[in-house]
Ligand SMILES: C#CCCCC(=O)N[C@@H](Cc1ccccc1)C(=O)N[C@@H](CC(C)C)B(O)O
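In the numbering used here, the protein residues as written are 293 to 489.
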């Protein structure tokens, strides 16, 4: 898997490849690893498909309850704290690297990386999964504060497709989810639409 998220001047953009593998076998070449937690908060999943699914199921349930009791939408920070709590308290059983990203009226667009051990890191951009090894240096150089939505989306698609080209654990299509005050937009970039280099 290659997953990433980055902040831009109005919100966040989440990106992921679509390969689910068991060893060298590709079990699903069109997986959707960017999962809804609330109307304005999404989760990028890597690691065990089963573990990451069950964590997202629990957090979606808890956030739904929380929204009803609170009478207003949950914040990105709250969603990230719930993901971290499940990940940390069950760290010996779970194998899931997660990135929470979304928009709320208190912090605007925000991103939290929750790697295997269950720590939560608030960051302007984050990457995860097996393909992330190929992206840390690239993103350190390519990410800039206050990018436009178009610049940010182009960077996400370029980064994920570069990792897909080199990482055998990543492949398929590039999926993105844009989240800002106006709402959520899902995009899809098939192999023939990707930059080769
Ligand atoms: C189908 C099936 C059985 C397992 C599928 C399964 O979890 N594959 C994993 C790799 C893995 C991980 C840990 C144990 C075993 C196999 C996988 O493809 N993970 C991708 C993300 C998830 C959300 C799709 B990515 O991290 O590569």
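All C-beta atoms, glycine included, are put in the ideal place defined by N, C-alpha and C. Note that the structure is predicted; figures quoted are calculated from it, not measured.
If I follow the unbroken beta strand (DSSP E) through residue i, where does it start and stop?
i	result
residue 481	475-481
residue 452	Run containing residue 452: none in the beta strand (DSSP E); it sits in the alpha helix (DSSP H), 441-458.
residue 297	295-300
residue 418	417-420
residue 330	326-330
residue 402	400-406
residue 396	388-396
Identify, in the order they occur along the chain, each residue of the same chain with its Cβ nearer than 6 Å to the Cβ of residue i, setting aside the five sequence neighbours on each side.
i	result
residue 413	405
residue 470	305, 477
residue 482	465
residue 330	355, 366
residue 368	333, 394, 396, 402
residue 420	295, 338, 389, 391
Between which two residues does the alpha helix (DSSP H) carrying residue i extend?
i	result
residue 351	341-362
residue 373	368-381
residue 432	428-434
Rounded C-beta distance between residue i and residue j? I'm assuming under 8 Å.
i	j	result
residue 451	residue 427	5 Å
residue 344	residue 323	With a Cβ gap of about 11 Å, residue 344 and residue 323 do not count as contacting.
residue 410	residue 379	4 Å
residue 336	residue 326	6 Å
residue 453	residue 486	4 Å
residue 371	residue 351	7 Å
In angstroms with no decimal places, state the Cα-to-Cα distance between residue i and residue j.
i	j	result
residue 403	residue 317	32 Å
residue 417	residue 313	26 Å
residue 395	residue 358	17 Å
residue 430	residue 374	30 Å
residue 446	residue 399	24 Å
residue 308	residue 328	14 Å
residue 390	residue 433	23 Å
residue 408	residue 302	29 Å
residue 361	residue 353	13 Å
residue 449	residue 364	33 Å
residue 349	residue 377	14 Å
residue 437	residue 480	25 Å
residue 332	residue 484	30 Å
residue 475	residue 442	16 Å
residue 321	residue 473	32 Å
residue 415	residue 296	11 Å
Once the 5 residues before and after residue i are set aside, which same chain residues still bring their CB inside 7 Å of it?
i	result
residue 459	294, 422, 423, 426
residue 334	306, 326, 327, 328, 393, 394, 469, 471
residue 444	298, 300, 305
So if DSSP puts residue i in a beta bridge, which residue, or which two residues, is it bridged to?
i	result
residue 308	295, 467
residue 321	In the DSSP output, where bridge partners are listed per residue, residue 321 has none listed.
residue 314	317
residue 414	404
Who are the near neighbours of residue i in its chain, counting only those whose CB is closer than 8 Å to its CB and skipping five residues on each side?
i	result
residue 381	410
residue 388	337, 338, 339, 340, 343, 344, 347, 379, 408
residue 440	300, 301
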